[in-house]
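Engineer: Residue numbers (full-length UniProt numbering): 1 to 541.
Beta carbons are placed, not taken as given, at the ideal position from N, Cα and C, and that holds for glycine.
Model, not experiment: these values are computed from the prediction.
Take this structure first; my questions come after.
Encoded structure:
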């Protein structure tokens, strides 16, 4: 993996008077590198596969792969106070983005033998070239009013925002994958009933299909040619132009009376998706949704608050089709309305408290429901294909503590428990099962001690921390688990006497624990960082 980036970000702020400020910012970001598609492993046998069967550094990409992006963003903001109780804020953002990609990656499957059994040491590969560009416009504007009615304090916010995303002409995604046929064509999948029509190869005494792209041999010591090696660029797709527009108006009101605060809000969204924008075969559809939120906070004492929150969410998912044209076998003629919007809601109750004037503690119980969840179809013939799952639910508890035990000793810690389950699926066997890529238990702690100026170690400080994550289920397969892990970190600080300069030296993953952050399948595991060191110089203005 190798990524290089150039980032230029000048910013200027002008305040003509104490009531008004204007800010303008330009961001230019050029990236050249390649994509990390994870570590593959071989020996894909459910419940028996060794996650260490290949080096964590193994990458199936080619030296000829590249990922180039150019990103220009212009932003402007305006803030004005008409009076002490009436203010106005507005912002505008324009982004121009383009991508140029060439890569080798897996199809999330192994090469099959003549009997259609996967050969667990041969990763099925695909070759992809993609170019695309788009433009984004964001507008936000709102008024804020503060006033009183008797002993009740009010704060009302009324606003509008718009998000406009245009995929411009000239984009394409071409790919090579599948199996070579004896007539010189390429088939996207294998049909054992017509095995005589497919080209075959001998692999260690096994008769296997000949892939369109040279497979990657995961056997230790095997020689692999990692170049642009394919028979036919058999999937050629023009990325259709598209325009998505989201408009929203919203109102939010905060009421405060004695120890009680109530926050209520409404947001009306209108969404339009135009496929093949500005072309004769242009198609369009619209969605709209009224969202609401309610929050209540009550102060038991000056230092202890309890709260409850309920809010709804809505996210259109149609432009996923235009981003990845093979999603749902999209051809450009089909409406982008293939996927229903993601609908969600959150319910949460909790408490926050300030202890002894120097520490904060919080705890909360919550439930999150999601409907129409997009997941990968796990179809090697169409690796980008997505389908929708009926519903997921997450219930959990989280707690945090931060503060000082003594003036020199600070501690931060947190714990979370998540019971995330699939509630509705086209596959009834999955209902009630664990949701993918979610740990049930997670905990972290970091503590720092600064030595007193009265000791020989004055100006020094030390820190230590721990991170724990329990096991996870991969995204695309349930045949194995990503094991839980614990990592330990440490730091040494030195503050120069009567100076604003601090020097810190960190050692992360002290024990060099071998762990994985997550996985998609046997062919895509994402290892965590090994032991590493970091030296930082910080200057406080």
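Whose C-beta lies closer than 6 Å to the C-beta of residue 86 among residues of the same chain, with five residues either side of it excluded?
Structural biologist: The answer, listed in chain order, is 145.
Engineer: Quick one: is residue 242 buried, meaning 16 or more other Cβ sit within 10 Å of its Cβ, or exposed?
Structural biologist: Answer is buried; the Cβ neighbour count reaches 16.
Engineer: Short check: CB of residue 266 to CB of residue 247, under 7 Å?
Structural biologist: Taking 7 Å as the Cβ cut-off, residue 266 and residue 247 do not qualify as a contacting pair.
Engineer: Tell me, to the nearest whole angstrom, how far the beta carbon of residue 273 is from that of residue 313; I am working on the premise that it is less than 8 Å.
Structural biologist: With a Cβ gap of about 18 Å, residue 273 and residue 313 do not count as contacting.
Engineer: Where does residue 36 sit, in a helix, a strand or coil, going by DSSP?
Structural biologist: DSSP places residue 36 in coil when its eight states are reduced to three.
Engineer: Any chance the segment 386-398 sits against the segment 421-431, with 3 or more Cβ pairs inside 8 Å?
Structural biologist: Flag = yes, the segment 386-398 and the segment 421-431 touch.
Engineer: Taking DSSP as the reference, what is the three-state secondary structure of residue 58?
Structural biologist: If DSSP states are grouped into helix, strand and coil, residue 58 belongs with coil.
Engineer: Please check the pair residue 203 and residue 119, which I expect to be a contact at CB under 8 Å, by giving their CB distance rounded to whole angstroms.
Structural biologist: Confirmed, about 7 Å.
Engineer: Short of 6 Å in beta carbon distance, which residues of its chain neighbour residue 348, apart from the five on each side in sequence? Order them along the chain.
Structural biologist: Around residue 348: 309, 364 and 366.
Engineer: In three-state DSSP terms, what is residue 322?
Structural biologist: Unreliable placement is indicated for residue 322, whose pLDDT of 48 sits below 50; no coordinate value is reported for it.
Engineer: Measuring CA to CA, which of 279, 341 and 271 is closest to residue 165?
Structural biologist: Checked all of 279, 341 and 271; the closest Cα to residue 165 is 271.
Engineer: Does DSSP classify residue 440 as helix, strand or coil?
Structural biologist: The answer is coil: DSSP assigns residue 440 none of H, G, I, E or B.
Engineer: Which partner residues of residue 206 appear in the DSSP bridge assignment?
Structural biologist: Residue 206 pairs with 203.
Engineer: Let me check understanding here. Comparing Cα to Cα, which of 539, 536 and 521 lies closest to residue 51?
Structural biologist: Nearest option by C-alpha distance: 521.
Engineer: How many Å lie between residue 534 and residue 461 at the Cα?
Structural biologist: So the alpha carbons of these two residues sit roughly 16 Å apart.
Engineer: Which word fits residue 212, buried or exposed, when buried means at least 16 other C-beta atoms lie within 10 angstroms of its C-beta?
Structural biologist: Classification for residue 212: buried.
Engineer: If distances are taken between C-alpha atoms only, which option among 434, 297, 19 and 405 comes closest to residue 420?
Structural biologist: The residue with the shortest Cα to Cα distance from residue 420 is 434.
Engineer: If contacts are defined as beta-carbon pairs under 8 Å, then residue 249 and residue 160 qualify, I think. What distance do you get, rounded to the angstrom?
Structural biologist: Their Cβ separation, rounded to whole angstroms, is 5 Å, which keeps residue 249 and residue 160 in contact under 8 Å.
Engineer: Tell me whether residue 523 sits in a helix, a strand or coil according to DSSP, three-state version.
Structural biologist: Note: residue 523 maps to coil in three-state DSSP.
Engineer: Below 8 Å CB to CB, which residues in the same chain sit around residue 438 once its five sequence neighbours on both sides are set aside?
Structural biologist: Hits under 8 Å: 394, 418, 420, 472 and 473.
Engineer: From the DSSP output, in three-state form, read off residue 328 for me.
Structural biologist: Because residue 328 carries a pLDDT of 39, less than 50, the predicted location of this residue cannot be relied on, and the following value inherits that uncertainty. DSSP places residue 328 in helix when its eight states are reduced to three.
Engineer: Please report the Cβ distance between residue 124 and residue 106, rounded to the nearest whole angstrom; I am assuming they are in contact, meaning their Cβ atoms lie under 8 Å.
Structural biologist: Confirmed, about 6 Å.
Engineer: Take residue 414 and list the residues in its own chain whose beta-carbon comes closer than 6 Å to its own, dropping the five residues that flank it on each side.
Structural biologist: Once the five neighbours on either side are set aside, the close Cβ partners of residue 414 are 400 and 444.
Engineer: Rounded to the nearest angstrom, how far is the Cβ of residue 171 from that of residue 234, given a contact under 8 Å?
Structural biologist: Incorrect: roughly 19 Å between the Cβ atoms, too far for contact.
Engineer: Can you tell me which of the three DSSP states residue 83 falls into?
Structural biologist: It is coil, neither helix nor strand.
Engineer: Check whether the segment 9-24 touches the segment 69-82, counting contact only when three or more Cβ pairs, one atom from each stretch, lie closer than 8 Å.
Structural biologist: Yes: at least three Cβ pairs fall under 8 Å.
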